[in-house]
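Undergrad: Sharing a structure with you now.
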Amino acid sequence: MSTLATKRLGTNVGAEVLGVEVDQLLADDALPAACMEALEEHGALVFRELHIDDETQIAFSKKLDDVGKPEPAEPPKIYLVTLDPKKNPSAEYLKGTFAWHLDGAQDDVPTKATMLSAHAIAAIGGDTEFASTYAAFDDLTDEAKERLGRLRILHTFEASQRLVNPDPSPEELARWHEKPDKEHPLVWRHRSGRRSLVIGASASHVVGMDMDEGRALLDDLLVRATAQDRVYRHEWTVGDMVIWDNTGVLHRACPYDPNSSREMHRTTMSGDEPIQ
Ligand code: OGA
Ligand code: MN
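Numbering (my numbering), first residue to last: 305 to 580.
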């Protein structure tokens, strides 16, 4: 049990953190460990209307990142999540956030957790949804747990971009291929003893399985993991801050107008556990 006061928001994922003021984030030495514990339990934590500035977000993210690590982490940088190419040169790729994914699925060691704070929100759409891949694994039959535990998946940037840009130009395709593909087991056995499914937009195919059969399996797992009653959907208010456990939670942005002023400030807590 965590020592933070929380209120559950979804059945499998999501809790609101109660009674934490912005001044406490850097002053309360017990808070970072309590947050990481609550994150492990709830998958996503919502802090309503904190209105943190970038400096505080960086410093608090670093404190969270340092929890349980032998060496202090590098302070993270703020990354702007916006579809405005003037503010973020990679804005076009961010349409990929409209599909269920985990961050850094092609990395050796994916991000441990991601933090967003809302600086401007969309007039229509732009909620963020979360679904637990721990729960998705736990829901399987014993036979399926055993069978899926032997499978490996190839994760590619192309797979996730094709979902939002199905007809790429040769130049776009070439750029997508600059990022190396990565093979991971379908079932992640975490150090904690928990197991989760590594699925989502980047999952291209099941290694060694007939393409269509593998695709059908991945699609079915994703549909079940993200069924409406399994999902927590966060409707943003400016100033909200949300952190999610990127190792056991899928997330996606609900569509919003690319011309909207929606702007999230993002930091990440570095991972220290390869998918194995
Ligand atoms: C991200 C992401 C979703 C959103 O920042 O990694 O997927 O709602 N964001 O902006
Ligand atoms: Mn993301």
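Cβ atoms here follow ideal geometry from the backbone N, Cα and C, with glycine treated the same way.
Quick one: is the Cβ of threonine 386 within less than 8 Å of any heavy atom of ligand 2?
TA: no
Undergrad: Using the beta carbon as the reference atom, which residues fall closer than 6 Å to any heavy atom of ligand 2, ordered along the chain?
TA: Near ligand 2, meaning a beta-carbon closer than 6 Å to one of its heavy atoms, we find Thr401, His405, Asp407 and His555.
Undergrad: Just to confirm my understanding: we take arginine 493, look at its own chain, exclude 5 residues before and 5 after, and list those with CB closer than 7 Å. What are they?
TA: Arg499 and Gln580
Undergrad: Counting only runs that start and end within the stretch 507-546, where is the beta strand (DSSP E) found for 3 or more residues in a row?
TA: 507-510 and 535-538
Undergrad: Which residues mark the beginning and the end of the alpha helix (DSSP H) in which glutamate 345 is found?
TA: Note, glutamate 345: alpha helix (DSSP H), 335-346.
Undergrad: Taking the alpha-carbon of glycine 518 as reference, which of Glu539, Leu490, Arg495 and Gly543 has the nearest alpha-carbon?
TA: The candidate whose alpha carbon is nearest that of glycine 518 is Leu490.
Undergrad: Measuring only the C-alpha atoms, how far is alanine 422 from valine 350?
TA: 12 Å
Undergrad: Which class does glycine 400 belong to by DSSP, given the choice of helix, strand or coil?
TA: helix
Undergrad: Is it buried or exposed for glutamate 416, if we count other Cβ within 10 angstroms and need 16 for buried?
TA: Here residue 416 is lysine; the residue named in the question, glutamate, does not match the sequence. Looking at its Cβ environment, which holds 16 or more other Cβ atoms inside 10 Å, lysine 416 is buried.
Undergrad: Using DSSP's beta-bridge definition, name the partner residues of glycine 429.
TA: Glycine 429 is bridged to Tyr560.
Undergrad: Does the stretch 442-461 come into contact with the stretch 402-415, if we say contact requires no fewer than three beta-carbon pairs (one atom in each stretch) closer than 8 Å?
TA: yes
Undergrad: Tell whether a beta-carbon distance below 9 Å holds between methionine 419 and methionine 340.
TA: no
Undergrad: Take the Cβ of aspartate 549 as the centre, count every other Cβ of all protein chains shown within 10 Å, and call the residue buried at 16 or more, exposed below.
TA: buried
Undergrad: In three-state terms, what does DSSP make of glutamate 567?
TA: Three-state result, glutamate 567: strand.
Undergrad: Taking contact to mean at least 3 C-beta pairs separated by less than 8 Å, is the stretch 392-402 in contact with the stretch 530-538?
TA: no
Undergrad: Which residues mark the beginning and the end of the alpha helix (DSSP H) in which alanine 424 is found?
TA: Alanine 424 -> not in any alpha helix (DSSP H); beta strand (DSSP E) instead, spanning 417-424.
Undergrad: Return helix, strand or coil for glutamate 325, following the three-state DSSP convention.
TA: Glutamate 325: coil per DSSP, three-state reduction.
Undergrad: Comparing alpha-carbon positions, which option in Ala403, Asp516, Leu467 and Glu567 lies nearest glycine 583?
TA: There is simply no residue 583 to check, as the chain begins at 305 and stops at 580 in what is shown.
Undergrad: Return the CA-CA distance between glutamate 378 and phenylalanine 364, expressed in angstroms with no decimal places.
TA: Answer to the nearest angstrom: the Cα atoms are 12 Å apart.
Undergrad: Using the beta-carbon count (16 or more within 10 Å), is methionine 305 buried or exposed?
TA: Residue confidence for methionine 305 is low, a pLDDT of 40 falling below 50, so the modelled location carries little weight; the figure read from the coordinates is stated next. Exposed, since its Cβ has fewer than 16 Cβ neighbours within 10 Å.
Undergrad: Would you identify the three-state DSSP class for isoleucine 362, choosing helix, strand or coil?
TA: helix
Undergrad: Would you call asparagine 316 buried or exposed, if buried means 16 or more other Cβ atoms sit within 10 Å of its Cβ?
TA: buried
Undergrad: Quick one: Cα of glutamate 345 to Cα of glycine 512, how far?
TA: 35 Å
Undergrad: Would you say the beta carbon of threonine 360 comes nearer than 8 Å to a heavy atom of ligand 1?
TA: no
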